[in-house]
Amino acid sequence: MTTDHINVLEGQLRECYGRVVYSHKTHEKCADILLERQSCIKIWQIVISALVTGSIVSTFFGTNEVGAAISAVLSASLLALNAYTKDYDLGEIAQKHRQAGSDLWIIREKYLSLLTDIRVGDVALDLIRTKRDALLDELHVVYVGAPSTNFEAYSRAQEALKKLEDMTFSDEEIDAFLPKELKRISKEAGNVRTSST
1 MTTDHINVLE GQLRECYGRV VYSHKTHEKC ADILLERQSC IKIWQIVISA
51 LVTGSIVSTF FGTNEVGAAI SAVLSASLLA LNAYTKDYDL GEIAQKHRQA
101 GSDLWIIREK YLSLLTDIRV GDVALDLIRT KRDALLDELH VVYVGAPSTN
151 FEAYSRAQEA LKKLEDMTFS DEEIDAFLPK ELKRISKEAG NVRTSST
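Next up, the structure:
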């Protein structure tokens, strides 16, 4: 086992770790977006229902053609909102994103632990490969069952993580996620630290 081999594997694991950090945050943001939409739709359903069923429209506009037209538009809007929420349970989809985020969180922590073990020097090369492959299998299971994310959620995740690069990670960016003992770049000296075995 050479330092070069360990460094290559550590580099791959750091990249995977960074991706999982972004995926985890993106699923959290997807859930947030869907719950915001669900709340907005429910408020509009209540408001429009109150306007249509409470005869508020006919009170202000009378029972003439204007009042009837406004009531018809409001009723059609309410029908559209109700049909949308019938076909798309935003709360259920949000929960699936939350579950994917939770599943990714434990995988993220396993990557962090493996990176820590590598830095400490306690792990043999073959064991690193075995753990890496097991983590990839776990990720595959999560991604197959997870709902798709969207650009808005990814953008919010980038903003939340204070980075704007698309799935490429500099040492500085990954270092922002890692504890100081695992950082590769020393802020004081600006030097790159490498693993020692």
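For the sequence shown, UniProt numbering begins at 1 and goes up steadily by one. Beta carbons are placed, not taken as given, at the ideal position from N, Cα and C, and that holds for glycine. Source: prediction; values computed, not measured.
So which of the options has the shortest CA-CA distance to residue i?
i: residue 239; options: Cys16, Ile41, Thr149, Thr53; result: The question about residue 239 has no answer here: the residues shown for the chain are numbered 1 through 197.
i: Asp175; options: Gly91, Leu112, Ile46; result: Leu112
i: Gln99; options: Arg132, Ile6, Lys29, Arg14; result: Lys29
i: Leu34; options: Ala153, Asp117, Ala134; result: Ala153
i: Tyr143; options: Glu159, Ile107, Asp171; result: Ile107
i: Glu10; options: Leu139, Leu161, Thr116, Gln158; result: Thr116
i: Ala157; options: Ala31, His5, Thr2, Val66; result: Ala31
i: Gly91; options: Gly121, Val66, Ile48, Glu36; result: Glu36
i: residue 223; options: Gln95, Ile93, Ile46, Leu139; result: Because the chain is modelled from 1 through 197, residue 223 falls outside the range shown and cannot be assessed.
i: Asn82; options: Lys131, Trp44, Lys183, Ala134; result: Trp44
i: His5; options: Ala124, Glu173, Arg184; result: Ala124
i: residue 201; options: Arg119, Lys162, Ile70; result: Since the first residue shown for the chain is 1 and the last is 197, residue 201 is missing from the structure and cannot be characterised.
i: Leu114; options: Asp126, Arg132, Leu104, Trp105; result: Arg132
i: Thr3; options: Gln95, Leu13, Pro179, Ile118; result: Ile118
i: His110; options: Ser155, Cys40, Asp171, Ala134; result: First, the amino acid is wrong: residue 110 is Lys here, not His. Closest by alpha carbon: Ala134.
Please classify residue i: does DSSP put it in a helix, a strand, or coil?
i: Asp166; result: Bear in mind that the predicted position of Asp166 carries a pLDDT of just 47, short of 50, making it unreliable; the figure below should be weighed with that in mind. Residue state, collapsed to three classes: coil.
What's the C-alpha gap between residue i and residue j?
i: Ala146; j: His97; result: 7 Å
i: Leu78; j: Gly18; result: 43 Å
i: Lys86; j: Ala80; result: 10 Å
i: Ala76; j: Val52; result: 10 Å
i: Gln38; j: Ser148; result: 18 Å
i: His27; j: Arg129; result: 27 Å
i: Lys42; j: Glu181; result: 48 Å
i: residue 219; j: Ala72; result: Because the chain in this structure spans residues 1 to 197, residue 219 falls outside the shown range and cannot be described.
i: Val21; j: Gly67; result: 54 Å
i: Arg184; j: Leu178; result: 10 Å
i: Lys162; j: Glu65; result: 54 Å
i: Glu138; j: Tyr84; result: 34 Å
i: Val8; j: Asp126; result: 13 Å
i: Arg14; j: Leu104; result: 15 Å
i: Glu172; j: Tyr88; result: 40 Å
i: Ile93; j: Gly121; result: 42 Å
Taking all protein chains shown into account, decide if residue i is buried (16 or more other Cβ within 10 angstroms of its Cβ) or exposed.
i: Lys25; result: buried
i: Gly101; result: buried
i: Ser23; result: buried
i: Phe151; result: exposed
i: Met167; result: Per-residue confidence for Met167 stands at a pLDDT of 48, beneath the threshold of 50, marking its modelled position as unreliable; no derived number is given.
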